[in-house]
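Peer 1:
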Amino acid sequence: MRLFVSEGDPGSLPVLAAAGRAQGRAELRISTVGPEERVVPFLTQPKVPVLQLDSGNYLFSTSAICRYFFLLSGWEQDDLTNQWLEWEVTELQPALSAALYYLVVQGKKGEDVLGPVRRALIHIDNSLSRRSCPFLAGETESLADIVLWGALYPLLQDPTYLPEELGALHSWFQTLSSQEPCQRAAETVLKQQGVLALRPYLQKQLQPSLLEGKAVSNEPEEEELATLSEEEITIAVTAWEKGLGSLPPLRPKQTPVLPVAGERNVLITSALPYVNNVPHLGNIIGCVLSADVFARYSRLRQWNTLYLCGTDEYGTATETKAMEEGLTPQEICDKFHVIHADIYRWFNISFDIFGRTTTPQQTEITQDIFQRLWNRGFVLQDTVEQLRCESCARFLADRFVEGVCPFCGYEEARGDQCDKCGKLINAIELKNPQCKLCRSCPVVKSSQHLFLDLPKLEDRLEEWLGKTLPGSDWTPNARFIIRSWLRDGLKPRCITRDLKWGTPVPLEGFENKVFYVWFDATFGYLSITANYTDQWEKWWKNPEQVNLYQFMAKDNVPFHGLVFPCSALGAEDNYTLVSHLIATEYLNYEDGKFSKSRGVGVFGDMAQDTGIPADIWRFYLLYIRPEGQDSAFSWTDMLLKNNSELLNNLGNFINRAGMFVSKFFGGYVPEMVLTSDDQRLLAHVTLELHHYHQLLEKVRIRDALRSILTISRHGNQYIQVNEPWKRIKGNEADRQRAGTVTGLAVNIAALLSIMLQPYMPTVSTTIAAQLQLPLPACSILSTDFLCTLPAGHQIGTVSPLFQKLENDQIESLKQRFGGGQLEKSLALKAKASRKPTDVETVTTDVETVTTAGPQQIKVLMDEVTKQGNIVRELKAQKADKNQVAAEVAKLLELKKQLALAEGKPLETPKGKKKK
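With the UniProt record's numbering applied, the sequence shown covers 1 to 915.
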């Protein structure tokens, strides 16, 4: 390979840094050429940097060249990095080009240079601070870091233009600038001349003109008041003055909700949770809570909306749970369906239907789709070699086999899919398989099964995707997952299992088999709707009039974006297919994963016992929703967000606005005489409201929440600047001013109450009651900021909305849900069984330990084995020492818990002997 760069060319900086990072991975020759030299023969204009590949092809995009070098060094692509690269091109570069032009060509200094780029610098600083990560995409350096560093280095290498208050940005920039590849790149391109080395390059560029306003970006930015035109202000004031009269009439409620011709019909589903698993916070935010926000928003927009979910009840997991508890599968489903329903009811999830898959309608619809596929030649028969556990005397369902992934080597891959690389697996392909029930090694046996002929359906799927994806709101991870499957080529997929608990296969010779749960589980959406209304086909066989939004975590994407569409397309019955597939990344717990067996993390049935209201849980989970990358629940961060964003920002503003009306104006909204500053505030609130709508229409749920908090901050600042509590004591003009400020503030509070409804429905209802909002203002969210509380409107009793979370309260909850409770429960169980003997209790100078039962010990042994594998894998990969140390610490803690459970004395850590 040969890399062509040029002195004084800013694009050469990140390219050289990336090349230095990949040094030794391939033979590379670097040539420095003049800016006018034509390197690429088929380009009419000179272009550098350029990478000429050994194949003779050329790469001449800075980010494309950097990406190539990063891929050479073993870096794995991720969606967050792609979002940063898009932001760098669309947002950072225009601002940075202007700043450098003003500095180098026009000789400007100070704020004239920093002004155009300040917003972008704040954005980067906020992103780094919020994630508490040293780099833009996580704990390790990524392509995004090098590309952004290279773009910013010419300006920020002068400390004058690196604001001290942006500490996270400062640390990030210094870390990268101190690396040897970056230092060499800077020396080559800038030749110790600093930013002046770019003068010849910049003099050839057109004088930049920055566009004002706020674009929809991938990350929340520091709220700054945008520059507004007089036209925007006039439009905002006109809308405000129209008031409630401009709202459309309320849609009459239908029972059942059915599509209406000519209206926007929105069908929303949450991935069906397994009935025998109690959902944890990650399950809740990934599916039902995210979908609930969008469903509530859709109803506020007066869209004709149906939101459904239910429990997925068939499969071996249910059979096994029933065996463990001595119940029938149906009894276990009945028991856990109630648990799920209670959890979602407490979280205020607004299902129109919450059903289940163990119904006659599920059997009828599944068998009909199968028969149509069978009749059209899309189902194959074949002999399958399956894993059978002789100890348990049963064929093992995929999820009850674990082993080493044949593709990536992950040691805890399931028999159907690897959670690490995401590939589907046939259980017999696993290396070193184990039965999850008894840990014995299963044997391979043969059985006749049915397969969905996915290769035969691939062209139909590609054609459908080609029509669906452009202009849709499929999340980037969903698009990437489906495309990666298609790139690898689809293979026939087994759709039957040797089980009893499931939908029967209506085919001679297969009477003792049932459908594989992931063939028929997605048909559960249809059967649940059929239990709701016998006119279910108006939703599910009506693609021309229905917009289908499906919410899930990323591990469910292949089944919703590939298996279900292939089945429906092959059935040729005009089924409604997903228009917008919304997939989250994973939510972790503190610095690890949720684990019911280890007592780590908050599960749905536990949240209500914490004393923290459901709306606070909803707010925090949505605030940290894993949209672009995995995120983590943190008790400390939850305390901070509650006390700062809810108590001090949102709650403080709404309470003050209402209290001023009550205290100074007898509970009646005063007359408002708007000044030019007030009108400007109206326009700013309107602009933020438009931003909120833009984001939620694109299902950018987390970012839209920031718009609410931004408006609240504008309101707080407005009150602070105008000080109505002082003006009310002044002359007539001051009192009138106090009335205007109070009236405008309480109307902003009214707007916030309706904007909050999708996120915090109980709080929203409370605010509406305190302000005595008219019914239309509670039920319809306009795209404009309207005066919903005119002068003379009487409000109700105002009281605080939020309570402070205390450190000791949070520390107690942190310990309770941090795994320590397992230790205590093991000890208590052992103690309750009988008095300890000398053999069972061992007293040491460290602590007293009590043995636990064999089942609890087995759980801990499994966790120790898993954590040991993680540590070994990290060491083999030569991972960062701090990361290895953190995982080793977890392993030692698990070993300590195991020792306690087995009644063994804890060893005093051995230190090195002094010489």
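Every residue gets a Cβ at the ideal spot worked out from N, C-alpha and C, and that includes glycine. Values in this document were obtained by computation on a predicted structure and should not be read as measured data.
Look up Cys-438 in the DSSP assignment and say whether it is helix, strand or coil.
Peer 2: Cys-438: coil per DSSP, three-state reduction.
Peer 1: Give me the residue from Ser-178, Gly-74, Leu-169 and Gln-361 with the minimum Cα distance to Leu-143.
Peer 2: For the residues Ser-178, Gly-74, Leu-169 and Gln-361, the minimum Cα distance to Leu-143 belongs to Gly-74.
Peer 1: Per the DSSP calculation, Ala-704 is bridged to which residue(s)?
Peer 2: According to DSSP, Ala-704 bridges with nothing at all.
Peer 1: Could you name the residues of the same chain whose beta carbon sits closer than 6 angstroms to that of His-280, not counting the 5 residues immediately before and after it, in chain order?
Peer 2: Correct list, in chain order: Phe-594, Gly-601 and Phe-603.
Peer 1: If you scan the region 30-74 from start to end, which runs of the beta strand (DSSP E) of 3 or more residues do you find wholly inside it?
Peer 2: Complete beta strand (DSSP E) runs here, min 3: 50-52.
Peer 1: What does Ser-644 pair with, by DSSP beta-bridge criteria?
Peer 2: Ser-644 is not bridged to any residue.
Peer 1: Taking 7 angstroms as the cut-off, decide whether the C-beta atoms of Glu-462 and Leu-490 are in contact.
Peer 2: No. Outside cutoff.
Peer 1: Cutting at 7 angstroms between CB atoms, please list the residues of its own chain near Gln-804, excluding the five before and the five after it.
Peer 2: Looking at the sequence itself, residue 804 is Lys, so the reference to Gln does not match. Excluding sequence neighbours, Lys-804 sits near Asn-643 and Leu-647.
Peer 1: Evaluate contact between the region 534-551 and the region 256-264, counting only Cβ atoms and requiring at least three cross-stretch pairs below 8 angstroms.
Peer 2: Yes, they touch.
Peer 1: Assuming the contact rule is C-beta atoms closer than 8 angstroms, Leu-437 and Cys-389 should be a hit. Round their C-beta distance to whole Å, please.
Peer 2: The pair is a contact, with the Cβ atoms about 7 angstroms apart (cut-off 8 angstroms).
Peer 1: Would you mind working out which of Leu-51, Asp-342, Ile-235 and Asp-9 sits nearest His-690, comparing C-alpha positions?
Peer 2: That would be Ile-235, whose Cα lies nearest to the Cα of His-690.
Peer 1: Assign Glu-223 to buried or exposed, taking buried as 16 or more other Cβ atoms, counted over all protein chains shown, within 10 Å of its Cβ.
Peer 2: Bear in mind that the predicted position of Glu-223 carries a pLDDT of just 44, short of 50, making it too unreliable to give a figure here.
Peer 1: Is it buried or exposed, Gln-897, if we count other Cβ atoms within 10 angstroms and call 16 or more buried?
Peer 2: So Gln-897 ends up on the buried side.
Peer 1: Among Arg-618, Gln-720 and Val-673, which residue has its Cα nearest to the Cα of Ala-657?
Peer 2: Measuring from the Cα of Ala-657, the nearest candidate turns out to be Gln-720.
Peer 1: By how many angstroms is the C-alpha of Thr-740 removed from the C-alpha of Asp-112?
Peer 2: Those two C-alpha atoms are separated by around 36 angstroms.
Peer 1: Mind pulling the alpha helix (DSSP H) runs of 4 or more residues that sit fully within the UniProt domain "GST C-terminal" (74-198)?
Peer 2: Taking only runs of at least 4 residues, the alpha helix (DSSP H) segments lying wholly in the UniProt domain "GST C-terminal" (74-198) are 79-87, 93-100, 111-131, 143-156, 167-177 and 180-190.
Peer 1: Would the region 359-367 and the region 564-571 be scored as touching if the rule is three or more Cβ pairs under 8 angstroms?
Peer 2: These segments do not touch.
Peer 1: Can you check the region 260-335 for any beta strand (DSSP E) of at least 3 residues that lies completely inside it and give the ranges in chain order?
Peer 2: As far as the region 260-335 is concerned, its whole beta strand (DSSP E) runs of at least 3 residues are 265-270 and 304-311.
Peer 1: Cys-287: beta carbon under 6 angstroms from a heavy atom of the ligand FMN?
Peer 2: Looking for the ligand FMN in the displayed structure turns up nothing, as the structure carries no ligands at all.
Peer 1: Our contact map puts Val-685 next to Ile-708 with C-beta atoms below 8 angstroms; I'd like the distance itself, whole angstroms only.
Peer 2: Incorrect: roughly 11 angstroms between the Cβ atoms, too far for contact.
Peer 1: Using three-state DSSP, classify Glu-806 as helix, strand or coil.
Peer 2: DSSP places Glu-806 in coil when its eight states are reduced to three.
Peer 1: DSSP three-state label for Ile-612, please.
Peer 2: Three-state result, Ile-612: coil.
Peer 1: Within the same chain, show all residues whose beta-carbon is closer than 6 angstroms to that of Glu-429, passing over the 5 residues directly before and after it, in chain order.
Peer 2: Counting only Cβ-Cβ distances below 6 angstroms, and skipping sequence neighbours, we find Pro-406.
Peer 1: Taking only runs that begin and end inside the region 480-544, name each unbroken alpha helix (DSSP H) of 4 or more residues, in chain order.
Peer 2: The qualifying runs are 517-520, 524-532 and 537-540.
Peer 1: Could you check whether the region 379-395 touches the region 285-294, counting it as contact only if at least three pairs of C-beta atoms, one from each stretch, sit closer than 8 angstroms?
Peer 2: With a cut-off of 8 angstroms, the region 285-294 and the region 379-395 do not count as touching, because too few Cβ pairs lie within range.
Peer 1: Rounded to whole angstroms, what is the Cα-Cα separation between Ile-870 and Asn-556?
Peer 2: Near 24 angstroms, if we compare the C-alpha coordinates of Asn-556 and Ile-870.
Peer 1: Closer than 8 angstroms is the cut-off here; do at least three beta carbon pairs connect the region 308-315 with the region 513-521?
Peer 2: Short answer: they touch.
Peer 1: Taking only three categories from DSSP, how would you classify Cys-778?
Peer 2: Cys-778: helix per DSSP, three-state reduction.
Peer 1: Closest to Phe-785 by C-alpha separation, out of Ala-26, Cys-66, Leu-247 and Arg-2, would be which residue?
Peer 2: Minimum Cα distance to Phe-785 is reached at Leu-247.
Peer 1: Using the three-state DSSP reduction, which class does Leu-13 fall into: helix, strand or coil?
Peer 2: If DSSP states are grouped into helix, strand and coil, Leu-13 belongs with the helices.
Peer 1: Can you tell which of Glu-572, Ile-780, Glu-585 and Gln-867 has its C-alpha closest to the C-alpha of Ile-284?
Peer 2: For Ile-284, the nearest C-alpha among the options comes from Glu-585.
Peer 1: With H, G and I counted as helix, E and B as strand and the rest as coil, what does DSSP make of Gln-679?
Peer 2: Note: Gln-679 maps to helix in three-state DSSP.
Peer 1: Just checking, does the region 79-93 make contact with the region 187-198 on the three C-beta pairs under 8 angstroms criterion?
Peer 2: Judged by Cβ distances under 8 angstroms, the region 79-93 makes no contact with the region 187-198, as fewer than three pairs qualify.
Peer 1: So, with DSSP's three-state summary, where would you put Pro-406?
Peer 2: Three-state DSSP puts Pro-406 in coil, outside helix and strand.
Peer 1: Would you kindly check if the distance between the Cβ of Gly-310 and the Cβ of Ile-528 is under 7 angstroms?
Peer 2: Against a cut-off of 7 angstroms, the Cβ pair of Gly-310 and Ile-528 comes out as a contact.
Peer 1: Between Arg-700, Ala-683 and Tyr-668, which has its C-alpha nearest Leu-674's C-alpha?
Peer 2: The shortest Cα separation from Leu-674 among Arg-700, Ala-683 and Tyr-668 belongs to Ala-683.
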